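All remarks here apply to the structure that follows.
Residue numbers (my numbering): 1 to 375.
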């Protein structure tokens, strides 16, 4: 049968890959071809690529890997700056050639403000509708009150290297090039994006990642098996190191929370933020009793998919990890420490409350949430 539509997804994180899997599963048929491009902007991106290529039940007809910007500082700051501009341009030239060679009809982008996405959107805008473009949520930004404000250096260098069209993107998903927006929680999409067609990411297919053994296959390449996941009953997901260093009370608060959880008998799994160095336990938590430190590059959403029966409590801040825990783990107590950290984003805090995520405002509240999770 002749292929009528060819879709391609551009993933910059393992979270993007998770959503692309759900989208591709929903469109997996003889008339549609689903392709995925993984750009190496996250730890173990190549491992994710190889996992999908070797996965028998993958919904993708083709998977491509392009080297990205992750950990370029190891080659020196000069090389990192050079790659950030000339390297990105070269990658985008390769991507545009791929789009043309494969005769792509639909593009899905997860992040609008990255250089790759802006260059692609500028290219698509000149094609007069020959290729459709959709924006898929990149996490909390389409729900929160966050507004991006790049400094003049970023804008100036972008216009020099990429073109005068280069600009700051205050709210991701707002480009006129996007035909629609896909979100896990359409009812909470921020007002600035309500002028577009908002569609739901197919959450009904999350179970397919388990039954089709897609999640277990990918995680096996990270050294994670079902026995390992069965032992996880409490997950503590840490903020990025820049946030931890920003709040002087973060480490002390974390230590107090861990001691409380240990008192209640929780077996604690700690996961550092995926953008932090995957091998650096910079808080020294692995030396604590009843604590296991999960490699930061392991795809968290797939851990959730396989841990639906074992994970009893998830503790996070104001990140996507809390939203996905509430979405995937139906019988799990999800606790956000956003209020404890002093978040002022009432719009997003209210969304968490509406979804049933606990938002303790004091240590006494937090203790009560833990006791409830242990019941």
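Glycine residues also receive a C-beta, built at the ideal position from the N, C-alpha and C atoms. Treat the numbers as computed from the prediction; the structure is a model and nothing was measured.
Please report the straight-line C-alpha distance between residue 354 and residue 280, rounded to a whole angstrom. 35 Å
Can you give the Cα-Cα distance for residue 301 and residue 18, rounded to whole angstroms? 7 Å
By alpha-carbon positions, which one of 24, 186 and 59 ends up nearest to residue 197? 186
Measuring alpha carbon to alpha carbon, tell me which of 339, 344, 309 and 274 ends up nearest residue 330. 309
Under the three-state DSSP convention, the category residue 105 falls into: coil
Determine the burial state of residue 249: buried for a count of at least 16 other Cβ atoms within 10 Å of its Cβ, exposed for fewer. exposed
How many angstroms separate the CA atom of residue 108 from the CA atom of residue 126? 17 Å
Starting from the C-beta of residue 299, find all residues in its chain whose C-beta is less than 6 Å away, skip the five residues before and the five after it, and write them out in chain order. 14
4-residue-minimum alpha helix (DSSP H) runs that sit fully inside the segment 230 to 291, ordered along the chain: 241 to 246 and 250 to 263
In or out: residue 154 buried (at least 16 other Cβ within 10 Å) or exposed? exposed
How would you write the range of the beta strand (DSSP E) that residue 33 sits in, first residue to last? 32 to 40
Residue 344 by DSSP, collapsed to three states: which one? coil
Classify residue 65 as helix, strand or coil using the three-state DSSP reduction. strand
With respect to the alpha helix (DSSP H) encompassing residue 26, which residues constitute its N-terminal and C-terminal limits? 14 to 26
Taking residue 105 as the reference, which of 6, 95, 21 and 34 has the closest Cα? 6
List in chain order: all unbroken alpha helix (DSSP H) runs of 4+ residues lying wholly within the segment 298 to 339. 300 to 306 and 320 to 328
With respect to the beta strand (DSSP E) encompassing residue 198, which residues constitute its N-terminal and C-terminal limits? 197 to 200
Residue 39 beta carbon less than 8 Å from that of residue 9: no
Pairing CB atoms from the segment 170 to 181 with CB atoms from the segment 139 to 149, are three or more of them under 8 Å? yes
Residue 355 (DSSP reduced to helix, strand or coil): coil
Please state if the CB of residue 210 and the CB of residue 305 are separated by a distance shorter than 8 Å. yes
Taking 6 Å as the limit between beta carbons, can you name the residues of its chain near residue 241, skipping five residues before and five after? 276
Pick out whichever of 327, 20, 344 and 260 has its Cα sitting closest to the Cα of residue 368. 260
Within-8 Å CB hit, residue 121 to chain D: Among the protein chains of the structure shown there is no chain D, as only one such chain exists.
Please classify residue 203: is it buried, with 16 or more other beta-carbons within 10 angstroms of its beta-carbon, or exposed? exposed
Helix, strand or coil for residue 188, going by three-state DSSP, please let me know. helix
Mind checking which residues open and close the beta strand (DSSP E) that includes residue 9? 5 to 11
Alpha helix (DSSP H) runs contained entirely in the segment 80 to 158, provided each spans 4 or more residues: 88 to 101 and 115 to 125
Can you name the start and end residues of the alpha helix (DSSP H) that residue 208 belongs to? 206 to 211
Unbroken beta strand (DSSP E) run spanning residue 181, endpoints: 178 to 183
Residue 271: buried (16+ other C-beta within 10 angstroms of its C-beta) or exposed? buried
Could you check what DSSP says for residue 193 in three-state terms: helix, strand or coil? helix
Which same chain residues end up closer than 7 Å to residue 247 when comparing Cβ atoms and leaving out the 5 residues on each side of it in sequence? 341
What do you reckon, are the CB atoms on residue 307 and residue 229 nearer than 8 Å? yes
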